[in-house]
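Read the structure below first, then the notes.
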Amino acid sequence: MACATWLHSSQLSRALLPIRRLRTSLLPSKLRRFNRFTSTSTTRLITSSSPFKRPLMAVNVQAKRGFSIKEDEVASPADLYFEAPLSIVEYPDPLLRAKNKRIDSFDENLKRLVDEMFDVMYK
Numbered sequence: 003m004a005c006a007t008w009l010h011s012s013q014l015s016r017a018l019l020p021i022r023r024l025r026t027s028l029l030p031s032k033l034r035r036f037n038r039f040t041s042t043s044t045t046r047l048i049t050s051s052s053p054f055k056r057p058l059m060a061v062n063v064q065a066k067r068g069f070s071i072k073e074d075e076v077a078s079p080a081d082l083y084f085e086a087p088l089s090i091v092e093y094p095d096p097l098l099r100a101k102n103k104r105i106d107s108f109d110e111n112l113k114r115l116v117d118e119m120f121d122v123m124y125k
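Here the sequence shown is numbered in the working numbering, starting from 3 and rising by one per residue.
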């Protein structure tokens, strides 16, 4: 908004006015009607872009809400099984793209796994 105010009040906007009018005349008639009813600073920002770009349009997006138990699998004890010298898995291993599973309880086996992961990471 500050940029629009600066552009509206500067000498630069007066210099670009012929370019803006030229590009407005290249717009389809429906967009020219829309262009008449917008504020001047917004009009300058919209019409000063390239005429080859798509017109601006409203986008409606709704975020995923809540926590779905159906999608999340719980890790079984077999999923948490490991052997002591852990190896580092590097990209592009498909294991790195596997979806994570939820942990229900933090037991002794999981604590040992975390300790082993820290040992590998910091050594």
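Cβ atoms here follow ideal geometry from the backbone N, Cα and C, with glycine treated the same way.
When the beta-carbon positions are compared, V76 and K103 come within less than 8 Å of each other. DSSP places Y124 in the uninterrupted alpha helix (DSSP H) bounded by 110 to 124. Its Cα nearest to that of E85, the residue N111 stands out among D95, Y124, N111. Taking one beta carbon from each stretch, the segment 90 to 99 and the segment 55 to 65 have fewer than 3 pairs nearer than 8 Å; the two do not touch.
S89 is the residue among Y83, R56, S89 whose C-alpha sits nearest the C-alpha of D121.
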